[in-house]
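Participant: In full-length UniProt numbering, the protein residues as written are 1 to 693. All C-beta atoms, glycine included, are put in the ideal place defined by N, C-alpha and C. Bear in mind that the values here come from a model prediction, so they are computed numbers and not experimental data. Attaching a single structure in structure tokens format; questions to follow.
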Amino acid sequence: MKTFCGRANPTTGSMEWLEEGEDYDYHQEIARSRYADMLHDKDRNVKYYQGIRAAVSRVKERGEKAIVLDIGTGTGLLSMMAASAGADFCYAVEVFKPMANAAVKIVEKNGFSDKIKVINKHSTEVTVGPDGDMQCRANILVTELFDTELIGEGALPTYEHAHKYLVQEGCEAVPHRATVYVQLVESKRMWSWKKLSPVHVEAEDGEKILVPPSEMENCPGVPSVCDIQLNQMPSSDFTTLSDVVTMFRVDFSKPVQSAPTYYRVQLEPVKSGKAQIVLSWWDIDMDPSGMINCTMAPYWVKPTSALQWRDHWMQCVYFLPREEPVLRGEKLYLTACRDEYSVWYNLQKAREGENEAEEEEQEAGVGVESPVCRCRAHLLWNRPRFGELNDQNRTRHYIKALRKVLKTDSVCLCISDGSLLPVLAHYLGAKQVQYFILVFRSLHFSLVFFKANHLEDKIKIIEARPELLKPSHLEDKKVSVLVGEPFFTTSLLPWHNLYFWYARTAVSAHLASNVTVLPQSASLHMMIVEFQDLWRIRSPCGTCEGFDVQVMDDMIKDSLNFRESKEAEPHPLWEYPCKSLSDPQEVLTFDFTKTVPQHCLSTEGSVNLLRKGKSHGAVLWMEYHLAADISVSTGLMQMPNEKGNCEWNPHCKQAVYFFSSVIESEILSDPTAVTYAINFDTKTGEIAMDFKL
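This is the structure we're talking about:
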């Protein structure tokens, strides 16, 4: 059986479906999984173990046999906890075949084969009865089916089915319940991820303001959650307008309903401001009394307790449909609507003198339909891209560079996805501006955006791929200024935006001999780092709560060696603090004033480690040199300080190459060097790298 996998092709700027061997999909799934992160989550594992022991004890005290159903068993860890806590038998259900096979090996290695049966099925296909997968219904339900939003992985329909068909009425459940908490905040930074703000441009004939289309102003966006490491968001970037309130609870020991519904709470702001964002997280009680609690609360909620780092469960940022000015002490209603897999929020003000009957009437009018993006921008751009377009400092760099290169007779061609550059070029005096639409989704938005700024007849949209550009598209004129951010929606790794170079090469025949290209060049930079926590997602576990999970470590290692370990992976490093152990180093340059060469671009060298620490890996990013002395970085924003602390571009993902073995540099009198070999294959647009410690 063949598997088709989508990969960004930097030479064409599009996603392409590549045929891979049948093993590829499975290796990709394992290599990129968060199993290691979960096994390293000490807080989660300890609390589950305590909850399972308590549940088995309660069943035994009633004089019953303890029969456990563990849905989504993964490594079999929770079933082994139950068996060692004295459960009589465990049914461990795992739908992903390679994982189920690993669980069988792990269970056997730990000596629990007589107590645990691994069932490789989706739980909704499990049968009960003398000839079934399970001999009888279970009286203890153990699951770990949660994501950052709690319900995004289908926990509700799974629980609903289990209560109907797989467990006894009044069963014990670990976890016993989940509680979702919310807090209303104002945040210029987070709100900039929701919509486009006006852009001010000082033009020759006075100030111009680029305005977003009215469709975007009132667009509810998309219901997909924005999950982030909220513990990395400094308190100066948001203002809390309400106390933390409980939004809803789910009791997993009783039948669960997955049908769409809503929950409503009354809020009184503790501060006046603009209600823009609902921050949300959850906790789980492993026992009915709530004594064994595992929480995702961010740092300002429980400032005294030590925070457990985890990447499989984070915190949620929800955007209200529109900004709502609120006053301290006024009465508000916050409504959470949900379907089977997602949650979204609405805020309403209580009307003066409203009585309970009117409240209920208002409540009855709450729609549970999922929000739909009407402006299409939310389908085109992800949240960091909105943040990038709203970054005034970044925009100023482009304006400054455009001012240097544009003349009144400039014929300007822009190559980037959903970009503000054509409008900036027009306002800064270019005689003629052409704009390539490379992603069809961006056509509608660009038309609406140009129209909102009365530019529909000033900027010409070319609906063609660069290699199909004809002289007639340009009214037989030659392009004197070629511009790009560059940004393309298909790019996953920093160098994928080098598609700009390939597009520039494809349109060479249409460029004037003295053409100015902005950016004029790009460079790839690299630095060796020690991660505070991100290393855990690639670190072997060995034993977890006394159980040998080496089989899982080996499986992840094999899958990484299949291909992934030789590749870098994208991570937004503002969420994952690290310390630089070396100076940043420029390793490759790409000259956009020339066409893409036929030969590969290669470099070899070494970088000295300047600080004590564990070399977990290398971080790589691109810098674009727009014009003389004007550059923008997609990675490091300034040189690391004496301690090696780094500030990363918050709108971009950087490339992380994890080293297969970690070296610890303790003494600096004998400087350690990391040697590297980096190769840019101009035929595929991909970068291969190798590091030796």
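Which of the three DSSP states, helix, strand or coil, is assigned to A627?
Facilitator: Your numbering for residue 627 matches position 627 in the sequence shown. Strand, per DSSP.
Participant: Restricting to Cα atoms, I'd like to know which of M552, S280 and D114 is closest to Y299.
Facilitator: Numbered from 1 along the sequence shown, position 299 holds the residue referred to as residue 299. Ranking the options by Cα distance to Y299, first place goes to S280.
Participant: Grab the span of the beta strand (DSSP E) containing E569 for me, first residue to last.
Facilitator: Position 569 of the sequence shown holds residue 569. E569 -> beta strand (DSSP E) spans E569 to H571.
Participant: Which whole runs of the alpha helix (DSSP H) in the stretch 85 to 150 are 4 residues long or more, in chain order?
Facilitator: Whole alpha helix (DSSP H) segments, 4+ residues: 97 to 109.
Participant: Taking its Cβ as the centre, do 16 or more other Cβ atoms sit within 10 Å of A364, making it buried, or is it exposed?
Facilitator: As a first step, residue 364 is located in the sequence shown; it is residue number 364 there, counting from the start. Below a pLDDT of 50, predicted positions are generally treated as unreliable, and A364, at 49, falls in that range; no measurement from the model is reported.
Participant: Mind checking which residues open and close the beta strand (DSSP E) that includes F436?
Facilitator: Translated into the one-based positions of the sequence shown, residue 436 becomes position 436. Per DSSP, F436 belongs to the beta strand (DSSP E) from Q432 to F436.
Participant: M291: buried (16+ other C-beta within 10 angstroms of its C-beta) or exposed?
Facilitator: Start at 1 with the first residue of the sequence shown, and residue 291 comes out as number 291. Classification of M291: exposed, given that the 10 Å Cβ count is below 16.
Participant: Enumerate in chain order the residues of its own chain whose CB-to-CB distance from D43 is below 7 Å, with the five nearest sequence positions on each side excluded.
Facilitator: Stepping through the sequence shown from its first residue, residue 43 is reached at position 43. Same-chain partners within the cutoff: C294 and Q308.
Participant: Among residues of its own chain, excluding the 5 on either side of T158, which ones have a beta-carbon nearer than 7 Å to its beta-carbon?
Facilitator: Within the sequence shown, the letter at position 158 stands for residue 158. If we look at T158 and ignore the five residues flanking it on each side, its Cβ neighbours are I71, S123 and L145.
Participant: Quick check on this structure: which residue in R536, Y624 and M38 has the alpha carbon closest to the alpha carbon of H525?
Facilitator: Locating residue 525 in the sequence shown gives position 525, counting from the first residue. Comparing Cα-Cα distances from H525 to each of R536, Y624 and M38, the minimum goes to Y624.
Participant: Could you tell me the distance, in whole angstroms, from the CA atom of Y676 to the CA atom of E586?
Facilitator: For the purposes of this step, residue 676 is taken as the residue at position 676 of the sequence shown. For the purposes of this step, residue 586 is taken as the residue at position 586 of the sequence shown. Distance between the alpha carbons of Y676 and E586 is about 12 Å.
Participant: Go through its chain and collect everything with a Cβ distance to C414's Cβ below 6 Å, but skip five positions before and after it.
Facilitator: Here residue 414 refers to the residue found at position 414 of the sequence shown. Same-chain partners within the cutoff: L421, P422, Y435 and V483.
Participant: Using DSSP bridges, identify the partner residues of P325.
Facilitator: Residue mapping note: residue 325 aligns to position 325 of the sequence shown, counting from 1. According to DSSP, which records beta bridges pairwise, P325 is partnered with K274.
Participant: Assuming M216 and A377 form a contact by the criterion Cβ under 8 Å, report the distance between their Cβ atoms to the nearest whole angstrom.
Facilitator: Taking the first residue of the sequence shown as position 1, residue 216 is located at position 216. Taking the first residue of the sequence shown as position 1, residue 377 is located at position 377. 6 Å between Cβ atoms; contact.
Participant: Which residues in the same chain have their Cβ closer than 7 Å to the Cβ of N9, if we skip the five residues on either side of it in sequence?
Facilitator: By one-based count along the sequence shown, residue 9 stands at place 9. Result list for N9: E16 and G685, in chain order.
Participant: Provide the residue(s) that pair with Y657 in DSSP beta bridges, ordered along the chain.
Facilitator: Indexing the sequence shown from 1 puts residue 657 at position 657. Residue pairing by DSSP places Y657 opposite A618 in a beta bridge.
Participant: Does the separation of the CB atoms of L69 and Y91 fall below 9 Å?
Facilitator: Mapped onto the sequence shown, residue 69 falls at position 69. Mapped onto the sequence shown, residue 91 falls at position 91. Y91 sits close to L69, with the two beta carbons spaced by under 9 Å.
Participant: Checking 9 Å against the spacing of the C-beta atoms, do V607 and I537 come in under that value?
Facilitator: Along the sequence shown, one-based indexing puts residue 607 at 607. Along the sequence shown, one-based indexing puts residue 537 at 537. I537 is positioned such that its CB atom lies no closer than 9 Å to that of V607.
Participant: CB-CB under 6 Å to K271, same chain, minus the five flanking residues each way: which ones, in chain order?
Facilitator: Reading the sequence shown from its first residue, position 271 is the one you call residue 271. Cβ within range, chain order: L241 and R328.
Participant: Whose CA, out of H397, F248, W313 and V256, lies closest to the CA of T335?
Facilitator: For the purposes of this step, residue 335 is taken as residue 335 along the sequence shown, with counting starting at 1. Here the closest residue by C-alpha is F248.
Participant: If we count the other Cβ atoms within 10 Å of its Cβ and call it buried at 16 or more, is T634 buried or exposed?
Facilitator: Taking the sequence shown and counting its residues from 1, the one referred to as residue 634 is at position 634. By the 10 Å Cβ count, T634 comes out buried.
Participant: Could you tell me the boundaries of the alpha helix (DSSP H) in which N393 lies?
Facilitator: Translated into the one-based positions of the sequence shown, residue 393 becomes position 393. Note, N393: alpha helix (DSSP H), Q392 to V405.
Participant: Which residues mark the beginning and the end of the alpha helix (DSSP H) in which M190 is found?
Facilitator: Taking the sequence shown and counting its residues from 1, one reaches residue 190 at position 190. Where M190 is concerned, the enclosing alpha helix (DSSP H) stretches over K188 to W191.
Participant: What does the Cβ neighbour count give for H616, buried or exposed, with the cut at 16 atoms within 10 Å?
Facilitator: As a working mapping, residue 616 is identified with position 616 in the sequence shown. Classification for H616: buried.
Participant: Can you give me the start and stop residues for the alpha helix (DSSP H) that K164 sits inside?
Facilitator: One-based indexing of the sequence shown puts residue 164 at position 164. Per DSSP, K164 is one residue of the alpha helix (DSSP H) stretching across A155 to Y165.
Participant: Which first and last residues belong to the beta strand (DSSP E) in which I415 is found?
Facilitator: Looking up residue 415 in the sequence shown gives position 415. I415 -> no beta strand (DSSP E), and no H or E assigned at all.
Participant: How many whole angstroms separate the CB atoms of V372 and V481, which I take to be in contact at a CB cut-off of 8 Å?
Facilitator: Residue numbering aside, residue 372 sits at position 372 when the sequence shown is read from its first letter. Residue numbering aside, residue 481 sits at position 481 when the sequence shown is read from its first letter. So it is not a contact: roughly 39 Å between Cβ atoms.
Participant: Can you give me the Cβ contacts of P494 inside the same chain, cut-off strictly under 6 Å, excluding the 5 residues immediately before and after it?
Facilitator: Within the sequence shown, the letter at position 494 stands for residue 494. Hits under 6 Å: W621, M622, T634 and A655.
Participant: Over the uninterrupted beta strand (DSSP E) stretch that includes K349, give me the two end residues.
Facilitator: What you label residue 349 is simply residue 349 of the sequence shown in a count that begins at 1. K349 -> beta strand (DSSP E) spans V343 to K349.
Participant: Taking the alpha carbon of V326 as the reference point, which residue from A522, A306 and L347 has its own alpha carbon closest?
Facilitator: Taking the first residue of the sequence shown as 1, we reach residue 326 at position 326. Closest option to V326, judged by alpha-carbon separation, among A522, A306 and L347: L347.
Participant: Looking at C-alpha atoms only, which residue of D114, L428, D243 and P570 is the closest neighbour of K302?
Facilitator: Counting from one through the sequence shown, the residue named residue 302 turns up at place 302. The shortest C-alpha separation from K302 is found at D243.
Participant: Report the start-end ranges of each beta strand (DSSP E) in the stretch 513 to 579 that is 3 residues or longer and not cut off at the edges.
Facilitator: 521 to 531 and 569 to 571
Participant: For a quick check, are the C-beta atoms of G86 and D287 less than 9 Å apart?
Facilitator: Counting from 1 along the sequence shown, the entry for residue 86 is found at position 86. Counting from 1 along the sequence shown, the entry for residue 287 is found at position 287. No, Cβ-Cβ distance for G86 and D287 is not below 9 Å.
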